[in-house]
Amino acid sequence: VQLQASGGGLVQAGGSLRVSCTASRSIFSIDLMGWFRQAPGKQREFVTAITTSGGTNYKDSVKGRFTISRDNAKNTMYLEMNSLKPEDTAVYYCYADTYSSRVVRSWGQGTQVTVSS
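Pasting the structure below:
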């Protein structure tokens, strides 16, 4: 599956932003979707994930501020980010995992989120 991330931008600290990840096909059968992020000079890190049944998992530092969701009808996953902090500045990458005989992971191209202080 091909993934297209969008919606990044520049926002002031305390502000909100929603990024989207649209798949090239139905996401109904995609077992797990989520987001990683990579700040300059740092390793890519897990942010959040959502299962087909809506189960979610979040990095501790974003709990209560970020919300992940998926709209199967639109083949799109969303990440709503509130109370943004400068340390949230990064390129956000979406991914999709499909489980068969092995896990097949697809990545989106990334979208830049910059939070100014």
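The sequence shown maps to residues 4 to 120 in the numbering used here. Backbone N, C-alpha and C fix where the C-beta goes; we use that ideal spot for every residue, glycine too.
Query                                                                                                                                    : Result
Assuming the contact rule is C-beta atoms closer than 8 Å, P89 and S109 should be a hit. Round their C-beta distance to whole Å, please. : About 30 Å separates the two Cβ atoms, so there is no contact after all.
List the endpoints of the continuous beta strand (DSSP E) containing E83.                                                                : 79-84
Cutting at 7 Å between CB atoms, please list the residues of its own chain near Y61, excluding the five before and the five after it.    : T51, F69
Per DSSP, what kind of secondary structure is A76 in: helix, strand or coil?                                                             : helix
Do L87 and V14 have their C-beta atoms within less than 8 Å of each other?                                                               : yes
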